[in-house]
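The listed protein sequences derive, respectively, from chains A and B. Read the first sequence against the working numbering and you will find it ends at 655, with the numbers running on by one and no gaps. Read the second sequence against the working numbering and you will find it ends at 655, with the numbers running on by one and no gaps. Every residue, glycine too, gets a C-beta built ideally from N, C-alpha and C.
Protein chains: 2
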Amino acid sequence: MRNTIQRQLILQAMKELDIHASAEQVYQHVVQQHPTISKATVYRNLSQMVEAGELINIGNLDGQTHFDHNCHAHHHFICETCKRIVDVEYDFADVLAKIQGIDGFAISNIAFSGVCSTCKA
Amino acid sequence: MRNTIQRQLILQAMKELDIHASAEQVYQHVVQQHPTISKATVYRNLSQMVEAGELINIGNLDGQTHFDHNCHAHHHFICETCKRIVDVEYDFADVLAKIQGIDGFAISNIAFSGVCSTCKA
DNA sequence: TCCTTTTTGATAATAACTCTCACTTGAGTG
DNA sequence: CACTCAAGTGAGAGTTATTATCAAAAAGGA
């Protein structure tokens with residue numbers, strides 16, 4: 535994997551945005567500093583970075599795939615109302631071990647969904 | 535909401551398939567008994583049924599939105615390898631209550647992901 | 001049966017993403 | 001530093017899931 539300007543800008547955008555950004559959001563951010571970048575380059579690089587373990591694909595939400603630059607073990611909460619993705623830093627090792635013991639599922643991620651405190655108010 | 539033949543067949547398909555089907559899977563099943571049904575009708579009715587609480591939208595997986603006719607409280611496990619969706623019937627009320635107490639998140643669903651026992655072997 | 005309103009089917013439109021391919025660039029090699 | 005060439009890029013076409021449009025058909029009450 536070569537160290538191109540585009541790749542640097544994409545990874546930097548993921549960190550600066552820090553909002554579990556989608557390809558479109560990354561593109562909109564990068565295109566301001568590097569107007570000639572193509573969306574294909576953004577999509578391509580995000581996929582490669584997931585492959586390489588530099589980013590995590592946190593799934594499709596509201597029609598767009600979102601990514602996370604925080605690769606240490608953690609989970610997510612997704613608000614069904616405002617669609618915001620929030621990190622959940624608790625350790626659920628005990629719960630996961632119990633499920634794995636019974637069903638054999640090796641769980642690596644948990645996505646909680648519901649309504650956040652802001653939207654509930 | 536009128537009781538059309540199409541709507542009956544779609545709901546019946548969801549129950550018969552019993553695999554957390556996608557719109558495409560429902561269409562392929564229904565079209566065999568009712569060859570003139572349109573995909574638009576399937577998409578439209580699945581959305582309406584979610585709105586009406588007759589089905590649950592369990593999110594986009596592998597590019598397609600999947601639905602569940604089992605509306606009683608339960609969670610899901612998604613195998614990242616075979617993409618299979620499995621019901622998880624444990625009650626996590628204690629865990630959820632703790633999170634809600636700290637962060638104010640009112641969690642209604644949990645999606646666990648990882649590797650299932652079959653794919654792991 | 002008639003009337004009104006909802007629903008349907010066909011098709012066009014949209015949105016997110018992927019593919020293709022000629023041109024460009026990164027980074028080793030001499 | 002110039003050379004080489006595989007990897008990467010940009011532009012645009014193609015694909016796939018889903019939604020919008022709208023005339024025709026059907027549901028269900030009067």
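With 16 as the cutoff for other CB atoms within 10 Å, does A655 of chain B come out buried or exposed? Exposed, since its Cβ has fewer than 16 Cβ neighbours within 10 Å.
Range covered by the beta strand (DSSP E) that runs through G597 of chain A: Taken as a continuous stretch (DSSP letters only), G597 of chain A belongs to no beta strand (DSSP E), as it is neither H nor E.
Beta-bridge partners of I619 of chain A, as assigned by DSSP: Residue pairing for I619 of chain A: DSSP places it in a beta bridge opposite A:I612.
Cα-Cα separation between T570 of chain B and V576 of chain B, rounded to whole angstroms: Cα to Cα, the separation comes out at about 12 angstroms.
Assuming I612 of chain A contacts L595 of chain A (C-beta within less than 8 angstroms), just tell me the rounded distance between them. Right, their Cβ atoms sit about 6 angstroms apart.
Should H554 of chain A and H608 of chain A be called a contact, given that it needs their Cβ atoms to be closer than 9 angstroms? No, the pair does not count as a contact, with Cβ atoms beyond the cut-off.
Within the continuous alpha helix (DSSP H) that includes A627 of chain B, where are the two ends? First-last of the alpha helix (DSSP H) with A627 of chain B: A627 to D637.
Tell me whether S556 of chain A is buried or exposed, calling it buried when 16 or more other Cβ atoms sit within 10 Å of its Cβ. In the assembly as shown, S556 of chain A is a buried residue. Its beta-carbon has 16 or more other beta-carbons within 10 Å.
Please decide whether I644 of chain B counts as near chain A, where near means a Cβ-Cβ distance under 9 angstroms. Yes, its Cβ sits closer than 9 angstroms to a Cβ of chain A.
Assumed close pair I592 of chain A, V564 of chain A - CB separation to whole angstroms, cut-off 8 angstroms: 20 angstroms between Cβ atoms; not a contact.
Out of B:M583, B:V629 and B:Q567, which has the shortest C-alpha to C-alpha gap to M535 of chain B? For M535 of chain B, the nearest C-alpha among the options comes from B:M583.
Cβ of I479 of chain A less than 9 angstroms from any chain B Cβ? Residue 479 of chain A is absent from the model: chain A starts at 535 and stops at 655.
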